Amino acid sequence: MRLRRSTRETQSLLQASNSGPPQRRNDDMSYLFDNLTCPQLVSLEVTVWDTTRTNLEPLVDLLSRSQCPLNDLTLEIPYIHRWPPHFLEILECCPRISTIEVNTWEGEKGMETFTYALLVALCRVISDDSQNVGPNLKEVRINEEGSSANQELVSGLMDLLEIRSERRRIHGGSVGNFHFIFGEADFSLDATFDSRIRKMADEGVKCDIQWAKTLSYLEEELLELERCEEEIERVGEALAELLKQRRTLLNKIERRRSWMAPIRKLPVEVLEEIFAIHCLFESQYSLDVSPNTSRPNIAPTLNLAQVSHHWRHIVNSSPRLWSTIRIDVSVKVDMVSLLGHYLSNSKEYPLDLDFTALFSRENSRAKRNSLYAGMAIAKMLSRHFSRIENLNLTMKMDIFNHCTSLQSLDIRSLNVGEDSLIDVNIPSLRHLSVNAHGEDIPIFLGHLTLPQLDSLEITVWSGEELGGTSLEPLVDLLRRSECRLSNLSLDIPYIYTSNIELQVLFGLCSGISRLHVNTWQGKKGRDTFIYELLDALRTPSAASGESKGMLASHLAEMRVVEENSSVDQVTATALLDIIEARNGRRIDDGTSVWDLKLEFGQLWECPMSVLGRFNARMSGLADKGVRCTVEWAKGAFPEC
Numbered sequence: 001m002r003l004r005r006s007t008r009e010t011q012s013l014l015q016a017s018n019s020g021p022p023q024r025r026n027d028d029m030s031y032l033f034d035n036l037t038c039p040q041l042v043s044l045e046v047t048v049w050d051t052t053r054t055n056l057e058p059l060v061d062l063l064s065r066s067q068c069p070l071n072d073l074t075l076e077i078p079y080i081h082r083w084p085p086h087f088l089e090i091l092e093c094c095p096r097i098s099t100i101e102v103n104t105w106e107g108e109k110g111m112e113t114f115t116y117a118l119l120v121a122l123c124r125v126i127s128d129d130s131q132n133v134g135p136n137l138k139e140v141r142i143n144e145e146g147s148s149a150n151q152e153l154v155s156g157l158m159d160l161l162e163i164r165s166e167r168r169r170i171h172g173g174s175v176g177n178f179h180f181i182f183g184e185a186d187f188s189l190d191a192t193f194d195s196r197i198r199k200m201a202d203e204g205v206k207c208d209i210q211w212a213k214t215l216s217y218l219e220e221e222l223l224e225l226e227r228c229e230e231e232i233e234r235v236g237e238a239l240a241e242l243l244k245q246r247r248t249l250l251n252k253i254e255r256r257r258s259w260m261a262p263i264r265k266l267p268v269e270v271l272e273e274i275f276a277i278h279c280l281f282e283s284q285y286s287l288d289v290s291p292n293t294s295r296p297n298i299a300p301t302l303n304l305a306q307v308s309h310h311w312r313h314i315v316n317s318s319p320r321l322w323s324t325i326r327i328d329v330s331v332k333v334d335m336v337s338l339l340g341h342y343l344s345n346s347k348e349y350p351l352d353l354d355f356t357a358l359f360s361r362e363n364s365r366a367k368r369n370s371l372y373a374g375m376a377i378a379k380m381l382s383r384h385f386s387r388i389e390n391l392n393l394t395m396k397m398d399i400f401n402h403c404t405s406l407q408s409l410d411i412r413s414l415n416v417g418e419d420s421l422i423d424v425n426i427p428s429l430r431h432l433s434v435n436a437h438g439e440d441i442p443i444f445l446g447h448l449t450l451p452q453l454d455s456l457e458i459t460v461w462s463g464e465e466l467g468g469t470s471l472e473p474l475v476d477l478l479r480r481s482e483c484r485l486s487n488l489s490l491d492i493p494y495i496y497t498s499n500i501e502l503q504v505l506f507g508l509c510s511g512i513s514r515l516h517v518n519t520w521q522g523k524k525g526r527d528t529f530i531y532e533l534l535d536a537l538r539t540p541s542a543a544s545g546e547s548k549g550m551l552a553s554h555l556a557e558m559r560v561v562e563e564n565s566s567v568d569q570v571t572a573t574a575l576l577d578i579i580e581a582r583n584g585r586r587i588d589d590g591t592s593v594w595d596l597k598l599e600f601g602q603l604w605e606c607p608m609s610v611l612g613r614f615n616a617r618m619s620g621l622a623d624k625g626v627r628c629t630v631e632w633a634k635g636a637f638p639e640c
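Mapping of the sequence shown onto UniProt numbering: position 266 corresponds to residue 266, and the numbering continues sequentially without gaps.
Right, here's the structure in full:
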């Protein structure tokens, strides 16, 4: 049964005013319900448009008289006269009722609300041995937007619902879902409330409490917050613009004040000298990135350039102020851009560079980062090698173990310490040039393995006090590397070796095509290095398996300079005999043309007739494809 706009008569009745007191029974609802009996009524909706209090007693009489199987009851009444017995009577008259929905405005607080009165009716007036009123009641929805809830009310609602839940568990009945909507709450729900809600939900009673006005207030407050944030953003943009203008004005003021500073009256040349004293003498380096400094990086030149526009112009116009640099790649700072700035500002001025790349042996992320930084810095520095005036490199040999793609290595100064005694394998290296002290060469070569080595240059700038430099470490390097060396250049003041050692050397590099040796020595005759060398090359090759085979059969060019040594007639004749003998084997083997140049200090005890025969024999060799040149640095006939 739907009593809203069902007939023209009921519509007019429901639109009439219901202004009488609760005890009156001659109002519109009484008039309507007194004339109705609905034994089959299943669903009932009652809507009242008036704003005075409505008595529910006529509704109770209708349901009691009809004894109907009512399932759903919906009441939309602005103000209900709360008589708990009425609700109890409605539930007793309609035991099959499953849904109750009430929409009311009310305006009460706490225990005076309609919601609390209804729950009292559901739970309080009941005999001890009976089950809950409305055993089939599954859902209760109460919308009481005009009322407000406090903590006492919510606790009371929880108590009543727990009572009903306990009786339902004992006497049986359907699961109840309760939905309450109040206008607002003047307290905060704590964890106890949530735990009671969850406990009832576990027992089959679901309870939901909402605050209509609170949600409305929240929406309004969110809109107001959004407006405030927009205003803050607008004001922030305006403030940022003002701060920008302020900074611009401050910069202008500082610049104009600096124009009047007394130091501006000094000539630019004087300022340059002052800056040079500070950057190059007091600080020693214009850029110092090393762990020994008090700060990670000291850059006095860069600091001067940041003082003022005038100083920056002077500093940037003085390349020498940017030309002294010390860098240690183990320092954890980004120095690539800083170094690039210094190299750019130094223009073409000669550089004084101290570069340190020492890495720990453990494989760590810090080590790899330092290695990558060192490679990036070395690549940048390589573009400026032509103007490096002073260079100091400090690094451990194990850095080369990471250079797996390195093909050419030029070491201009080598200082081997105890921490450098580590085996190094550079698998792709084809060219090696090393300049070192005589005592460092054996240590350095003794820990190298170079399987792809094709060209080797060794320069020794001292070693006389050691009695000379032995070729044994070189022989061990070639034996260990098993490389195919084709070019060998030795610039060693004093070499001590033997015929057998030279034979082993040429046996290991059988494919050598170019040999340059520069030595001072100071020996005579057959004790000279040149004689030892040619005598070893005359020896047949054991690898050929034939008597006519010879060592270094591909040797096409040989330059040997032994300025302090001297030969006599007998030795010179023996040298030509060796050259002619090797040339004979070369013709038989069909090897390449031999280009030979020998230079001694002097030729002594040699008459003109003998010298003429020497020249004739060398001309004969030239006709056979051997370009042979013998020179005397100190003159051919010192005693003639």
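C-beta atoms are modelled at their ideal positions from N, C-alpha and C, and glycine is treated no differently. Bear in mind that the values here come from a model prediction, so they are computed numbers and not experimental data.
Cβ neighbours of D423 in the same chain (closer than 6 Å, five flanking residues each side left out): H447
Any non-hydrogen atom of the ligand GTP closer than 7 Å to K379 Cβ: No copy of the ligand GTP appears in this structure; indeed no ligand is present at all.
Rounded Cβ spacing between H81 and V60 (contact assumed at less than 8 Å): Not really, about 12 Å apart at Cβ, beyond 8 Å.
Neighbourhood of P319 by C-beta, 8 Å cutoff - its chain only, sequence neighbours within 5 removed: Once the five neighbours on either side are set aside, the close Cβ partners of P319 are N345, S346, K347, E348, Y349.
DSSP bridge partner residues for N143 (one or two, in chain order): N103, I181
Reference M550, options G584, E272, A238, closest by Cα: G584
Distance CB(S148)-CB(G183) smaller than 8 Å: yes
8 Å contact criterion, which I97 and L91 should meet: CB distance rounded: 7 Å
7 Å Cβ shell around S502 - same chain, five flanking residues per side excluded: Looking at the sequence itself, residue 502 is Leu, so the reference to Ser does not match. Result list for L502: E532, L533, A536, in chain order.
Of the residues P427, S413, L596, the one placed nearest A436, counting alpha carbons only: S413
Close beta carbons around L36, own chain, < 8 Å, minus the five adjacent residues each side: Cβ within range, chain order: L62, S66.
Beta-bridge pairing of K597 - partner residues as DSSP gives them: In the DSSP output, where bridge partners are listed per residue, K597 has R559, T629.
Inter-residue CB distance, V48 and I100 (contact presumed, cutoff 8 Å): The Cβ separation is near 16 Å, so there is no contact.
Length of the line joining the Cα atoms of S547 and V416: With a pLDDT of only 40 at S547, under 50, the local geometry of the prediction cannot be trusted, and the value read off the model is given with reservation. Cα to Cα, the separation comes out at about 44 Å.
Residues near N392 in its chain [Cβ-Cβ closer than 6 Å; skip 5 each side]: D354
Cut-off 6 Å between Cβ atoms - residues of its own chain near H431, not counting five sequence neighbours on either side: Cβ contact annotation for H431 (same chain, cutoff 6 Å, sequence separation greater than five): S408, S455, in chain order.
Member of W105, V329, Q40, I426 whose CA lies at the smallest distance from the CA of T54: Taking only the C-alpha atoms, the option nearest T54 is W105.
Integer-rounded CB distance, given that F614 should sit under 8 Å from L576: 7 Å
Three-way DSSP call (helix, strand, coil) for W322 in this model: helix
Cα-Cα separation between L137 and E221, rounded to whole angstroms: 38 Å
Opposing strand residues paired with L409 [DSSP bridges]: In the DSSP secondary-structure assignment, L409 is bridged to L432.
Anticipated Cβ contact below 8 Å, A212 with I181, distance rounded: 5 Å
Among I377, F193, L41, F529, nearest to V333 - alpha-carbon criterion: I377
L485 versus F400: straight-line alpha-carbon distance, rounded: 20 Å
Three CB pairs or more closer than 8 Å across the region 159 to 171 and the region 115 to 122: At 8 Å Cβ cutoff, the stretches touch.
Cα-Cα separation between Y496 and I388, rounded to whole angstroms: 35 Å
Burial state of P262, where buried means 16 or more other Cβ atoms lie within 10 Å: exposed
Paired residues, beta bridge with W211 - DSSP: F182
Run of the alpha helix (DSSP H) containing V504, from where it starts to where it stops: 499 to 508
8 Å contact criterion, which L343 and I327 should meet: CB distance rounded: Not a contact, Cβ separation roughly 11 Å.
Own chain residues within Cβ distance below 6 Å of R514, not counting five before or after: N487, E557, listed in sequence order.
Strand pairing of M158, partner residues [DSSP]: According to DSSP, which records beta bridges pairwise, M158 is partnered with nothing at all.
For G236 and V331, the rounded distance between their alpha carbons: 41 Å
Option in C68, H313, D491, E203 with minimal Cα separation from Q40: C68
Whole-angstrom distance between S428 and H278, CA atom to CA atom: Rounded to whole angstroms, H278 to S428 spans 46 Å at the Cα level.
Reference V560, options I253, P493, H341, closest by Cα: P493
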